[in-house]
Each structure stands twice: as C-alpha cells, then as structure tokens.
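Below: one structure, written as structure tokens.
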Amino acid sequence: MFDQPATSNPLPTNYSTTSRALKSTAPSSRNQTRPGTPRDDTETFPLPLIDVDDHIDLDVDVDTYEWREDRTRDRLHHPSSTRPGSASGSLDGNINVNVEERSGLDGMASLAERAKGVSYLGLSSGATFLNAIRRLSRVQLNNTTSAPTENVMVDDSLARVERQIQGFDRTAASSTRLANPSSSGQREKYLQLPPHAEILPLVDSYFRHFHHLTPIVHEPTIRAQVWGAIPVPDTAGSRLLLYMVFAMGAFDLARSPSDPDGRKYYEIARQAMSSELLEQGSLQLVQGIGVMANYLQRSNRPNMGFIYLGLAIRMATALGLHIPPSGLKQTILQHETRKRVWACLIACEAGCSVTFGRPFGLGTSHLIPMALPLNINDEQITVTSEDMPPESSEITLYTSLIAQAHMAKTTSSIHDSILCAHPAPSLKRIQRYDASILEAFHELPVAFQHPDPNSAWYHACSITLWRIRDFRAILYRPVLLAAAWDARRQKQLSSGVKEAINICRTLALENLNEIGYCMRNDESRQRGLEWYTLFFAFQSALTLLLSVVWEPRHAESLLWRDVLLNTAQAFRNLRSVQALGNACAGIIESIVESAPPHPGPSSVDSGQTSLNFTDDTFNQSGSILDVDRYW
1 MFDQPATSNP LPTNYSTTSR ALKSTAPSSR NQTRPGTPRD DTETFPLPLI DVDDHIDLDV
61 DVDTYEWRED RTRDRLHHPS STRPGSASGS LDGNINVNVE ERSGLDGMAS LAERAKGVSY
121 LGLSSGATFL NAIRRLSRVQ LNNTTSAPTE NVMVDDSLAR VERQIQGFDR TAASSTRLAN
181 PSSSGQREKY LQLPPHAEIL PLVDSYFRHF HHLTPIVHEP TIRAQVWGAI PVPDTAGSRL
241 LLYMVFAMGA FDLARSPSDP DGRKYYEIAR QAMSSELLEQ GSLQLVQGIG VMANYLQRSN
301 RPNMGFIYLG LAIRMATALG LHIPPSGLKQ TILQHETRKR VWACLIACEA GCSVTFGRPF
361 GLGTSHLIPM ALPLNINDEQ ITVTSEDMPP ESSEITLYTS LIAQAHMAKT TSSIHDSILC
421 AHPAPSLKRI QRYDASILEA FHELPVAFQH PDPNSAWYHA CSITLWRIRD FRAILYRPVL
481 LAAAWDARRQ KQLSSGVKEA INICRTLALE NLNEIGYCMR NDESRQRGLE WYTLFFAFQS
541 ALTLLLSVVW EPRHAESLLW RDVLLNTAQA FRNLRSVQAL GNACAGIIES IVESAPPHPG
601 PSSVDSGQTS LNFTDDTFNQ SGSILDVDRY W
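In full-length UniProt numbering, the protein residues as written are 1 to 631.
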C-alpha cells in the first residue's frame, strides 16, 4: 500500500502517458469514471498527475487540424534552400530545387514548433514533453531549425530522372530486358535500372545499414535482380521496391548534409504510386511501401511515412501476411519471407506509435499468435530448401528483428492500455507494466542482451536495446513530470514515487552512456546510425533536463548538467544530421543555462527544489496548470 496524500481532489480520469496534446473544447469529464471501468481505490496514484488534455498542448490551431509535408526539400537535412522566385528546375544540367520554409514536425517528433501543421502528438512524444520542460523553465526556445535560404543543387539532370520514371532510359548498363518466348512474338517489358557503377554502392549501403535493423527484403534475391540474374518485370511493385532500396541506400551512405539523400530515387519510386496501386496488391508493393515509410520518417516527413506504413500494413493484411498460409503451395523461403515482412511492419508500427504518442494501428490480439521469423542465416534457406533448418543460438541478421517483434507483443498492449486508461494508471500498475517488459526482455537470448561490439549486428542490437530502455523510461516519465509540476505545493514524495523517479533517471543515464560508447567507437558516421543515436539520446536528455529544471539542488544535479552539456557537444559533432543535431544541442544548452545555478556541494540536498514558482509560472500563454484540477 502506497502513502496516500491528505486531499480529497480526485485524480483526472482522462490522464494517460499518451493523452491528447490538443486542448479539448468538450465539457470536462475528469471527475467521471468510464462506465464499465471499475476504479481500484487501492491503487490510487500517490501523486497528482496533470491533465495533459488541458495543459501540455502544442498551441496547434484546432480549427484547422491540418499538416503539410509536401515541400520539395526538408530544411533540417538541407540547411540551404532556394530563394523565393528562383527557378524550380531545368531540363539541362543541374536541378535548381525550390525549397520552401516549413514549420512543423521532425521525424523524431522532438522539435515540433508551436504552430499549426504539427498534427496529433501524445505525451510519449519528445515534442510534447519538451514543451512542458520549456514552460517549467520559463525559457522561450527560438526556432532553432530555421535556416537561411539559397539555391540547392541536385546532382542529376531532370531529363534523366524523368526518363527513368517513364522507363525509357535505354543506356542503362544493368538492363534486365529479356525476350519473352510467347507465341505472339511480343517482347515482355522488363525494368530498366541505372548503371551498376551508380547503384551498386547504394545497394551495398542498404544491406550494410538499414537491412540489419529492418530486414524486410531477401538480400540474395535483390542482388540477383540488380545484377540481371533474375529478370525484373516492369511493374509498379518492382519499380517501387528497387528504387526505394536505392533511395534508402543513398540516405544511409551520406556522411554530410551536402551528400545526396536518395531523393531522386524516391521520386522515381513515388511516381510508381498511382490510383491503380490500390487496385492491386503484392509482396513487393508491401516491401517497397514499408521501406518508403521509413525513408519518409527519417527525411522529416513523419506524417507521410505514418500513412504509408498504415497502407503497407493494410495491404499486408489483405494478402494474409498476418496469418499462417493455408492451402498455399509455398516454398520454405517464401513462407519465411512472409513472416519477416510482417514482423518488420509490426516492429515499425510499434516504434511509430510510441514515437508519436498515437494508438497502435493493429489490434494487439493479433500479436499474440504471431509466428516470429527463424533465427537463422540467409544461406540456411534457399529457393530449393525443403526442410526448415534448426535455429541458431548465436546472433544473426534476424535476431534484432525477432527481438523487436517479440517486445512489440508486450509494449504495444501496454501502450494501448495506458492510452485508454480511465482513470489514470496507478503507480502500482505502471510498475506491473515495467515488470512485464522486463520479463519479456529476459526471454530474449543472452547474446542479444549483451551484444559483442565487434559483431556485424552490434548496431542493430544496440538500437533495439535503446528502444526497450526508452519505452521503460517513458512509463515513468509522467511520474517525474507530475512531481515537477507539483513542486509548488512542496508535498512530501512517497518512497514509491521517489523510486519511480530514480528508475526514470537511471534508464536515461544508462541510455546516454551506451549511446555515447557507440558514438565514440563508430568511425563510419553514416546517417542512419547518427539518426538513431540522436533520437534516443535526445529522448533520454529530456528526462535529465526536467530533473535539472525541477531540482537544481539535487545531489546529482552537477552530474546531470555535465552529462547534458557533453551530450550537446556530441550532437554538434554529428555530421550527416548536422542541422538536426545543432537544433537539439541548442535546446539542451539553453535550458541548462537558464536553470538556477547549483549552490555547491556544501548545500545540496535530494529533497524538494527551492524554486520559487509564481502564479505567472502556471499561466504562461493561458491556463497551463489548474492546480485545483489535479489530485
């Protein structure tokens, strides 16, 4: 039994860690309990939890409720953009791409500006949490993601791109056009690909980086198609998939913001999308759209990516990938490929739902019977294999995917349960959620839990471990946030609340430590890895930022400040995501510098902060916190 505060104020019934970030205009139902949902008074939360519905909004214009991501170039990847009025393109030479300034959401859902066009975000998103920190610290963060405008030159001619879009490039060295021995005498049309010298480095990059974390395609098949050993029909699915492999390979191959990001290949793949696309379905289309969804999110067009991911899942469901094949004559390789594709979609959906604080797009009941891919190496299954090989006890290409899909069975159910919780989940329930996550985690192979830094799969396993640790921290973050908002009342925290806060901070420090080790020992500096390190490191930094703002006199406050400033410096050293890294670093530095100074070791304590909150603190830009409305 947890200590109960001596107060009669009820717990807001519509609180959740993924609650709406937009201010509701409907009558409040905070003192009502949803019919059919029993209230467990023995698990009442020992701390007031703020009503996120009313107090942690992103100042989005709810009357418009729109978002726009249709710009030609994203300014976070390309700090330079075309001046207004410049030419949008030329048929000869380089393309002058007209880049418009935009405000809105980055692919990490962490730096959303206070303007319309952000779309729905819940409390598990970094942007919503950062907005709460901003208001607590009383710091007006500048638009750190804006940049001057100038011409951006794309390293290919528009004419060539358009020829590839139409399939008329007869000079492609890797043509796979073969004769069709049909009685009609007509030749079947096969897909024309760019020269090997252009695309082979992109294919290598794709399978060296993105494929390790999301093995949604079969590498030997794709390589055989690229080399021309397997004919590739000129269909929307083939074009979409192969050109998205090129686009993602180019994206991950980049070492600086000026390097090509695969945009031209994405445009060719996008041209394969048409209204007729929805009238057909194929495994290649599912794979290609799945890769496109990832590419769009990492290109800071997350809402487009979110929608395409939903399309891939719907199409996969229509193809029956979510259930074992029945009555179908499939090879072992085809059967295993179906499981891998479905597991990739589930893992991506689980990650996106938490990143953006949105509901899980599939009924979690479908995850329980989901058959996971085999933990094997690619050479153990070929097109001629007739028997299922035994699984390996070592880490393979598919170990990380298996771990992601396995954990999604637990985390997605928890995420949706918290999302729909009325009343708010108690501390005891949050602890049970965390225990179930740890139980699922310990079911994973020991080799995965402690990956070898020299392993080829080290980065994929590490990113998955960061994701698991981040989700656990997100469970406890509302407790930390509630305690920080309640500092004005100077309540004594119960031992359970203190433990929850310590767990949240410990998880953040562990993630920053692991990410720092990875960054220090990685010489590749490729964009894909830097994107994930920046995302998870910034998520962890938010926890320490709130801690510094709330408890500047805490015994570990100096440690938090040092870790945060070192993290900010590491962000500034990122090369391929330089603009986004500088934006995150600027936010960290401005909040740390604005926090009350640490008084020194002679007067530190680990109790409540001595911050002098005034009424204005809780009423910036409207009523941020109505203290009578929380428990």
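Ideal Cβ placement from N, Cα and C applies to all residues, glycine included.
Just to confirm before moving on: does the CB-CB distance between residue i and residue j stay below 7 Å?
| i | j | result |
| --- | --- | --- |
| Phe571 | Ala555 | no |
| Ala250 | Leu202 | yes |
| Ala312 | Ile289 | yes |
| Phe360 | Asp434 | no |
| Glu336 | Ile402 | no |
| Gly281 | Ala293 | no |
| Met248 | Val291 | yes |
| residue 641 | Arg469 | Absent from the structure is residue 641, since the part of the chain shown begins at 1 and ends at 631. |
| residue 640 | Leu480 | Lying outside 1 to 631, the shown extent of the chain, residue 640 is not represented and no answer is given. |
| Ala440 | Thr464 | no |
| Ser400 | Ala460 | yes |
| Phe210 | Asp252 | yes |
| Arg134 | Pro215 | no |
| Leu240 | Ala272 | yes |
| Tyr243 | Ile268 | yes |
| Ser462 | Cys518 | yes |
Pick helix, strand or coil for residue i, following the three-state DSSP scheme.
| i | result |
| --- | --- |
| Pro233 | strand |
| Tyr398 | coil |
| Gly167 | Any reading at Gly167 must be qualified, since the residue scores a pLDDT of 42, below 50, and its modelled position is unreliable; no value is offered. |
| Gln297 | helix |
| His598 | coil |
| Trp342 | helix |
| Arg135 | helix |
| Ile437 | helix |
| Pro220 | helix |
| Pro201 | helix |
| Asp562 | helix |
| Ala456 | coil |
| Arg575 | coil |
| Met407 | helix |
| Met388 | coil |
| Ser426 | coil |
| Ser524 | coil |
| Ala555 | coil |
| Phe535 | helix |
| Thr382 | coil |
| Ala541 | helix |
| Cys420 | coil |
| Lys498 | helix |
| Met519 | helix |
| Gln330 | coil |
| Thr214 | coil |
| Ile376 | coil |
| Phe356 | coil |
| Ala371 | coil |
| Glu336 | helix |
| Glu443 | coil |
| Gly228 | coil |
| Gln492 | coil |
| Ala362 | As written in the sequence, residue 362 is Leu, which differs from the Ala given in the question. Coil at Leu362, not helix or strand. |
| Ser103 | Since pLDDT at Ser103 reaches only 45, below the 50 mark, its modelled position is unreliable, and no value is offered. |
| Ser413 | helix |
| His196 | helix |
Could you name the residues that DSSP lists as bridge partners for residue i?
| i | result |
| --- | --- |
| Tyr190 | Pro233 |
Please check if any C-beta of chain B sits within less than 7 Å of the C-beta of residue i.
| i | result |
| --- | --- |
| His442 | Reference to chain B is not applicable here, since this structure consists of a single protein chain. |
Original post:
Does the stretch 430 to 449 come close enough to the stretch 394 to 413 to have 3 or more Cβ pairs within less than 8 Å?
Top reply: yes
Subject >> Ordered list of alpha helix (DSSP H) runs contained in the stretch 241 to 326, each at least 4 residues >> reply: 263 to 271, 283 to 298, 302 to 318
Subject >> Touch test, the stretch 502 to 516 against the stretch 456 to 472, Cβ-Cβ under 8 Å, three pairs minimum >> reply: yes
**OP:** Kindly confirm or deny that the stretch 339 to 359 and the stretch 404 to 412 touch, where touching means at least three C-beta pairs closer than 8 Å.
**Re:** yes
Original post:
Is there contact between the stretch 547 to 561 and the stretch 580 to 595, where contact requires at least three CB pairs shorter than 8 Å?
Top reply: yes
Original post:
Three or more C-beta pairs closer than 8 Å, one from the stretch 525 to 545 and one from the stretch 561 to 569: is that the case here?
Top reply: yes
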